[in-house]
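Numbering (the working numbering), first residue to last: 160 to 568.
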């Protein structure tokens, strides 16, 4: 069953929500400012290398920083990360304003920011579990999903505007103030858990391998990983082939490409907004997960079969909604059934593995598109994802979990 509730859940979560808004907006504005400064000095190829390095760093840090998120209590760790990002931006902002520095240092700063951001996201999953009642976890995850989707879109737009109006040094200085504000918001947040207990449980350094061992030892977690991997395979063309699709299939240009990207983001935001207003019944979490994974493949197939902009936009709205629908029960199930002291490592392993497969898929999608064409490649990935997802679901991966233990209705 589903019932309607107020938009924000409690005061502690409200503070986390706005701190996350600041974090997401700041990250995107900062990256755009760095890319803009870099693009004015070097060529397109070098800029592409920088962007690729940023995404690769995100994959690596998600892989290796899981133990740190389990080693330290979530709230003080997230405060430290926000303060560190603010201090880093303030220092670089002043340095750029007062002296000329090499662009290499901007690259170093961007990689450090990626590491701090990855650790913030891993810790956020644990903090939500601490401050939100189990009945409201799905709503909390939906609200955070809105932050990352809407915040990313607005952040990129703000980054473009500020980069044209202000110098990089001033942008970094202003952004640092935002992070210090986020630090203060988290400082007023209250958690029910004793930080010393959390440290005692994890020891000096939680072994990274425990995350892999725990995932491989649980059939349902292996199945969740399988669903994530095959879902990412199905939606690979939304990352790599949107521009070629707009040019070669729709015979359009940059406007059509932008419309396609907005459709994916808009579908995800609408879905997250709907589920932020309701509590999901825990017994229905596996059903939502299954619907989302199958839906991604089906809507991607419809996208590959469409030849007109209207049909393409409708299909991509469905893809975006399915992606968002997957993320909400995915995180909620992990929060319910993963021991708190292992949650950071387990999520890190799942994210890193699925991201690694996605990186390989990105490479092969370009090769296949060159040989088979854009629409045929989209259909190939949609079918591969569908077959993989259905195979995993047929094993009944969640039948051993007692979803009546925490009834969310």
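We put the beta carbon where it would ideally sit given N, CA and C, even for glycine.
Annotation: the continuous alpha helix (DSSP H) that includes residue 338 extends over 327 to 346.
Residue 417 has its alpha-carbon roughly 13 Å from the corresponding atom of residue 476. With 16 or more other Cβ atoms inside 10 Å of its own Cβ, residue 224 counts as buried. According to the DSSP assignment, residue 557 belongs to no alpha helix (DSSP H), since it is labelled neither H nor E. By the 16-neighbour rule on beta-carbons within 10 angstroms, residue 469 is exposed. Contact annotation: the stretch 232 to 241 does not touch the stretch 507 to 524, with fewer than three C-beta pairs closer than 8 Å. One alpha carbon belongs to residue 497, the other to residue 377, and they sit about 10 Å apart.
In the three-state scheme derived from DSSP, where H, G and I count as helix and E and B as strand, residue 437 is classed as strand. Secondary structure note for residue 512: its alpha helix (DSSP H) is the uninterrupted segment 502 to 531.
Per DSSP, residue 478 is one residue of the alpha helix (DSSP H) stretching across 468 to 496. Taking one beta carbon from each stretch, the stretch 262 to 276 and the stretch 302 to 314 have fewer than 3 pairs nearer than 8 Å; the two do not touch. Secondary structure note for residue 384: its alpha helix (DSSP H) is the uninterrupted segment 378 to 393. Exposure of residue 553 is indicated by the presence of fewer than 16 other C-beta atoms within 10 angstroms of its C-beta. Here residue 229 is buried, its C-beta having at least 16 other C-beta atoms within 10 Å. Note on geometry: alpha-carbon atoms of residue 397 and residue 514 lie some 14 Å from one another. Here the alpha carbon of residue 317 sits roughly 26 Å from the alpha carbon of residue 258. Counting C-beta atoms within 10 angstroms of its own C-beta, residue 414 has fewer than 16 neighbours from the protein chains shown and is therefore classed as exposed.
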